[in-house]
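When we follow this note's numbering, the leftmost residue of the sequence shown carries the number 62, and every step to the right adds one. The beta carbon of each residue, even a glycine, is placed where N, CA and C say it ideally should be.
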Amino acid sequence: MNTERLKDLRSEVDRINRELLGLLSARAMVVSEIGQLQSELQLHLYDPGREADMLAYLAAENPGPFSSETICHLFKEIFKASLDLKERQTAARCLYSRHAKPQDTKVVAGPVTFGTAPLLIAGPCSIESAEQITDTARFLSSRGVRVLRGGAYKPRTSPYGFQGLGEPALRIGRAAADAHLMAFVTEVVDTRDVAVVAESAHMLQVGARNAQNFALLREVGRTLRPVLLKRGLAQTVEEWLNAAEYILAQGNDQVVLCERGIRTFERWTRSTLDLSAAVLAKHATHLPVVVDVSHAAGRRDLLAPLARAALAAGVDGVMVEVHPNPRVALSDAEQQLDFAEFDSFLEAIRTFLPDAAPAR
Ligand code: PEP
Ligand code: MN
């Protein structure tokens, strides 16, 4: 008799569970529509006031036997799941999202394409003279490097630091790259310079300090040039991807993401290389992702192991600073590799680079 009753009660619970499930799904559909409207109206997805009102109402209406505390606890879980749903749906609608575009994007910068085989981006921190950049391009090209970097406009921490040679450096940088069929990537720091930098560069770099300069992001988004977007010094992955969204939303889908280390409490490295962010960016987006080991480490002795780790993790390229004579470099002297050091670096990562020139 009691066993029959137990069976009946359990069927009753199963029926209520089904009803609850139906109600939860119906609630989720409504929440999802609210999320869509909130995005369109540019409102926050999370509204703490509304959540507090709902909890107060539920506690007041609670018929028992659960305590109001338990009811609030249960509903808070529902609210959390609903917010997660809204956030996931909003992110999925973003142009950077792999949900929106499952295939990997290839980014074409002059003679090279990012997103096929891993690429090395190498060159001095700053372009200091025609001879310096020409020698570096010749050397790097002889080692199979196809992307030349070099700053013409430098975003220096101190206004009294070397600020770059400006326009002349753009011209000599591009000429050095052209002489060896390399792509030339260089940083643009000011919206007013975007057009002039875009004339010489195959690819525009937006640096860590400008990673949330939304006017600059929009401006580079309006050019037809591909963009190398560094992660900001203290940017979350979400903020970094939203910075990319600013560029993509202008109609420029040629964006390469560059993890370059973030600021942490650690002092023995210049920044902390966040490899998980690079891998996350590969998962969450369809954009190529590269890792700048030089600005992450800020010291020569860690570059090869960090580059190996990044390439083993599946990134699309590595950036490294190379200078004919780093000891007299006008910026980042401590982290740039000379030519012999670059050869050892290349040796250490060669297995990951199908295009590198044969070992000497
Ligand atoms: C650079 O690449 O020259 C540079 C300044 O890097 P970051 O913006 O990552 O500091
Ligand atoms: Mn530098």
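Item                                                                                                     : Value
Identity of the residue in Ala230, Pro179, Ile188 and Arg324 nearest Val206 by Cα                        : Pro179
Whole runs of the beta strand (DSSP E) within the stretch 201-235, excluding any shorter than 3 residues : 208-210
Pair within 9 Å by beta-carbon distance, Ala371 and Val383                                               : no
Supposed contact pair Leu364 and Val354 - C-beta distance, whole angstroms, cut 8 Å                      : 5 Å
Start and end residues, alpha helix (DSSP H) containing Leu277                                           : Phe275 to Gly282
Glu80, enclosing alpha helix (DSSP H) - first and last residue                                           : Asn63 to Glu101
Residues near Pro349 in its chain [Cβ-Cβ closer than 6 Å; skip 5 each side]                              : Val168, Phe175, Gly176, Val317 and Asp377
DSSP bridge partner residues for Lys167 (one or two, in chain order)                                     : BP columns for Lys167 are empty, so no partner.
Contiguous alpha helix (DSSP H) assignments of at least 4 residues, all confined to the stretch 345-370  : 354-358
Per DSSP, the bridge partner or partners of Lys291                                                       : Cys319
Phe175 - DSSP class collapsed to helix/strand/coil                                                       : strand
Burial state of Ile77, where buried means 16 or more other Cβ atoms lie within 10 Å                      : exposed
Ala295 beta carbon less than 9 Å from that of Arg331                                                     : no
Beta-carbon spacing of Gly234, Ser261 below 9 Å                                                          : yes
Exposure label - Gly222; buried when at least 16 CB within 10 Å                                          : exposed
Burial state of Ala401, where buried means 16 or more other Cβ atoms lie within 10 Å                     : exposed
Status (buried if at least 16 other CB within 10 Å, exposed otherwise) for Pro424                        : Since the first and last residues shown for the chain are 62 and 421, residue 424 lies out of range.
Boundaries of the alpha helix (DSSP H) in which Gln150 is found, first to last residue                   : Ser129 to Arg154
Beta-carbon proximity of Thr284 to Ala256, cut-off 9 Å                                                   : yes
Straight-line gap, Val258 to Arg154 (C-alpha atoms, nearest Å)                                           : 32 Å
Pick from Leu277, Met380 and Phe275 that is closest to Gly322, judged by C-alpha positions               : Met380
Sub-9 Å separation of Asp251 and Tyr214 beta-carbons                                                     : yes
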